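Chains as they are written, first to last, in our numbering: chain A, 32 to 533; chain Z, 513 to 822.
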C-alpha cells in the first residue's frame, strides 16, 4: 500500500490555557488536495504552523512518507520538502522577487543570482505564472504578490504544499488560475493542503477535514458531502435564517440634511448627503469601501468636522458637538477598524469594555471601580459569548470575531438612541456574523435607530429596512429593501444615478 | 578668513580631512551594516570612545599600533555584545540602550583613565606615520590628498564598495538586510534573526572601535576625556543622510570631515572669527543635511523595532 506523503497523528498544541489543536489526526496522499475548513480561530493556522516546523507540537507526531519527522525550525521543513504559502504575505517589499525567493536556499558566500533566475523562470513557465523575477516586490499588485508568495514555496520543489487562505486577496480570475496551478501540482504528485473558509473552494478539493475549536470534527470525501453538511460541522449547529419581521417604525430619530465633510483634496469626502433614520429602523449604507462610509459615520459621531448641513437627533441639533457629548446623549459607534479605533490592543477586555465610561458609572471620584469593572466584564463575556480565558486577557490577543464582540458589548450599552455600525462583520465567520446581526435586530426592536455600512450586499438586503448607496461621497439614492434587488444597488454603487431619487 | 582660502592651507585642510573622514567612515560603515540588520545602535559614540581608551592603554603598554588596534576592536566586540544582549535578547528600546551605553562609556573611560594616571602626567607615544603609495602619491594635488595617507584610510575607502557588494550580492548580506526589512520573513524561512543582528552589531562595533583606535593613534599622543568629541554621532547622521547606502554615506562623511578639518585649521591660524564658530560647523551641517535630504526611502522597514519571535 502506498504511504501517505504526510500524516499527522494525535497532534496537540496549546498556547497557555488556549487549546489551539487537540488530538488531530489526518493524512494527505501524493496528488491529493485536502481542505482544512473551519472558522477563524478553529486552529487551522496553528496546525499548518506545526506541520511546517514553526511550532513544535506539544504531543503527537508528524510522519513524512512514513518516517517520523522531527523539525527544529522552518528551515528543516523546507529542506524536507514541506512548503507553506502564507496567508499574510511574508515578503520583503524592498527586495526583488528573486531576492525574496533565494534567501535560505543559498549556501555559498555569493548568491548565485544567474542560476537562481534561470530556475525561477523555468518554474514560472511551467506553471504559467507571469512575473518578472527582477521586479521589486513593492511595485507588485496584491495579486502578483500572491504569486511571488507561491513561487517561494514552488522554488524548493516541495512534496507537500500548504496554502493558507491563498485566495483571500485574489479576484475571481486569479482564483481560477490558482486552481489550475493546484491541478498541475496534483498531477506532478504534490500533496496539497488548502486552508480556507470559502465553501466554493472547499468543494473543489478531494477531501475535507473540518476543524472546530481546535478539534477535528470529521473528514469527508468532497464528492460525498454537501456545503450544508460542512457548514453544520464547522459551526456546530444549524444556522438559523434571520427572520426579519417588520417592526412598527417610529418617528424620525437621526436626521441628516445636506451634510458635507471636507476631504483632503478638491473633492469633499461627503457631499451634500441627506437621510433620515427612524426609530426602530435599520438603515443600510451600501457602497464600495472608501466611498464616504467612514466620513459619514464619523461626522455623525462628532469625530469629523461638519463643514455644511445639519445633523439632528430627536429634533435636537447635534452637528458640531463634541464626540463625548454626542456619545452621552446615547450614541454607540462600532468603527471601521476594530484594532485601531475600536480597541486598545494593549489593554485588557475589562478595560476596553469601559472605555468612554471611565469617568462615568465605572468611576468613584478619582478612582476606577475595579470590582464593578470585573463584574461588568464577567457579565459581558457571558452575554456576548466572548471566548477568552478571562477579563484580564489583552484585547490584542483576541481573534477578530471575539474582538468585535467586545466592541459590540461596549457600544450596545452606550447606544440607547442611535447605533452606528461601520463594516461590523468584515472578515468574520458566518457564525459570528449571524450573532452580530441578531444583536443589531434586537437594538432595532428596542427602538434604536441603527445605521449600518457594509460592503456585503446580501447582508444589507437581509437586515435593513432601507438602503442608501454612497458613491464618491454622494448619496446616489435610497431604496426600500423590499422593492429592490442586487442589480439596482449594484448600478447605484457604480455611480449610476437613480432616476426617481428621493 | 582669507588665510583659509590660500592654496597651501586648502591642501592642508583636505589632506587632514581624509584622516578625520577615516574615523567617521569606519564608524559609519559599521553603523550602516548594523542598521541594515534592523538595530538602531545609538551607542556608536560610546563604542568609539572605548576604542580610543583601549587603544591608548595598549599602545602605551606595547608600543605596537597593530596590537593597539586589535585590542580596541576586541573592546568593540565586547561593546557590541552588550548592546546586542540589551536590544536583541532583552528587546530593550534601541535608543534607551544606546544612550545608556554612551553615558556608561563616558563615565567609565574617564574613571579608568583617571585611576590609571593617578595624578601624574599621562604617558604619551608618537603618533603613527603615513604610508604613501609610490608613484601615485607624486601626482600633483590628488597625490598628497588621496595617496599619501595612513593604511587605514585606504582600507576604509576600499571597504565602501566591499560593503556595498557584501549587502547586495552575498548570501549573508541578503539575510542581514532581510533582518532589517522583515524579520518575520527570515524566521519563516527558518533562519535566525538574532544571530544576524548580533553578527551585524559585533561587526559594526568592532569597526567603530577601530575608528576610535585610529583617532587615538593618528591624531593624539595621549588620551583625554571624551576625545571622540561627537564623531560617533556624526557617523549616525551620515548613515541617515546617506539614505543607508554606502557611497552616499561616504559623501556625507566627507562633508563632515572637511568642515571638521576647517575648524582645526581655523583654530591654528587664528582667524578673526571666533573658532567656536568653526567647531560648530560639522554639527550645523549635520542638521542642515538631515533637513535638506527629506528622503529616507532607504531606511530599513523594521529599523529599531525589537523583534519578537513567536
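Idealized CB from N, CA, C, for every residue including glycine.
Since we're looking at a predicted model, the values are computed, not measured.
Helix, strand or coil at residue i [DSSP, three-state]
i: residue 141 of chain A; result: strand
i: residue 681 of chain Z; result: helix
i: residue 503 of chain A; result: coil
i: residue 364 of chain A; result: strand
i: residue 23 of chain A; result: Look at the range of chain A in this structure, 32 to 533, and you will see that residue 23 of chain A is not part of it.
i: residue 736 of chain Z; result: coil
i: residue 167 of chain A; result: strand
i: residue 433 of chain A; result: helix
i: residue 174 of chain A; result: helix
i: residue 453 of chain A; result: strand
i: residue 119 of chain A; result: coil
i: residue 319 of chain A; result: coil
i: residue 388 of chain A; result: coil
i: residue 401 of chain A; result: helix
Span separating the alpha-carbon of residue i from that of residue j
i: residue 452 of chain A; j: residue 477 of chain A; result: 16 Å
i: residue 752 of chain Z; j: residue 740 of chain Z; result: 20 Å
i: residue 567 of chain Z; j: residue 577 of chain Z; result: 8 Å
i: residue 709 of chain Z; j: residue 49 of chain A; result: 32 Å
i: residue 353 of chain A; j: residue 334 of chain A; result: 8 Å
i: residue 84 of chain A; j: residue 615 of chain Z; result: 43 Å
i: residue 688 of chain Z; j: residue 718 of chain Z; result: 17 Å
i: residue 704 of chain Z; j: residue 64 of chain A; result: 32 Å
i: residue 210 of chain A; j: residue 158 of chain A; result: 11 Å
i: residue 630 of chain Z; j: residue 623 of chain Z; result: 10 Å
i: residue 307 of chain A; j: residue 481 of chain A; result: 11 Å
i: residue 820 of chain Z; j: residue 89 of chain A; result: 21 Å
i: residue 681 of chain Z; j: residue 141 of chain A; result: 6 Å
i: residue 46 of chain A; j: residue 265 of chain A; result: 22 Å
i: residue 635 of chain Z; j: residue 575 of chain Z; result: 12 Å
i: residue 645 of chain Z; j: residue 787 of chain Z; result: 34 Å
i: residue 39 of chain A; j: residue 259 of chain A; result: 27 Å
i: residue 35 of chain A; j: residue 57 of chain A; result: 10 Å
i: residue 194 of chain A; j: residue 115 of chain A; result: 6 Å
i: residue 201 of chain A; j: residue 176 of chain A; result: 10 Å
i: residue 676 of chain Z; j: residue 648 of chain Z; result: 26 Å
8 Å CB neighbourhood of residue i in its chain, flanking five on each side removed
i: residue 533 of chain A; result: Here residue 533 of chain A scores only 41 on pLDDT, less than 50, and its place in the model is too uncertain to base an answer on.
i: residue 369 of chain A; result: 431, 434, 435 and 438
i: residue 127 of chain A; result: 164, 165, 166, 167 and 168
i: residue 609 of chain Z; result: 554, 555, 595, 598 and 599
Other residues of its chain near residue i: CB distance less than 6 Å, five sequence neighbours each side excluded
i: residue 328 of chain A; result: 451 and 453
i: residue 505 of chain A; result: 302
i: residue 385 of chain A; result: 393 and 404
i: residue 221 of chain A; result: 192
i: residue 326 of chain A; result: 292, 300, 301 and 335
Chain Z within 8 Å of residue i, Cβ atoms only
i: residue 142 of chain A; result: yes
i: residue 533 of chain A; result: For residue 533 of chain A, the predicted structure reports a pLDDT of 41, less than 50, and the residue's modelled location is therefore unreliable. The matter cannot be settled from this model.
i: residue 106 of chain A; result: yes
i: residue 122 of chain A; result: yes
i: residue 161 of chain A; result: no
i: residue 146 of chain A; result: no
i: residue 130 of chain A; result: yes
For residue i, the residue or residues it bridges with in DSSP
i: residue 348 of chain A; result: A/343
i: residue 155 of chain A; result: For residue 155 of chain A, which the question treats as bridged, DSSP gives no partner whatsoever.
i: residue 304 of chain A; result: A/290
i: residue 250 of chain A; result: A/240
i: residue 510 of chain A; result: A/498
i: residue 482 of chain A; result: A/314 and A/451
Beta carbon proximity, residue i to chain A, threshold 8 Å
i: residue 569 of chain Z; result: no
i: residue 693 of chain Z; result: yes
i: residue 681 of chain Z; result: yes
i: residue 702 of chain Z; result: yes
i: residue 543 of chain Z; result: no
i: residue 709 of chain Z; result: no
i: residue 712 of chain Z; result: no
Cutoff 7 Å; reference residue i; Cβ partners in own chain excluding five residues on either side
i: residue 458 of chain A; result: 431
i: residue 196 of chain A; result: 118, 226 and 227
i: residue 618 of chain Z; result: 558, 561 and 738
i: residue 716 of chain Z; result: 542, 543, 545, 546, 553 and 592
i: residue 782 of chain Z; result: none
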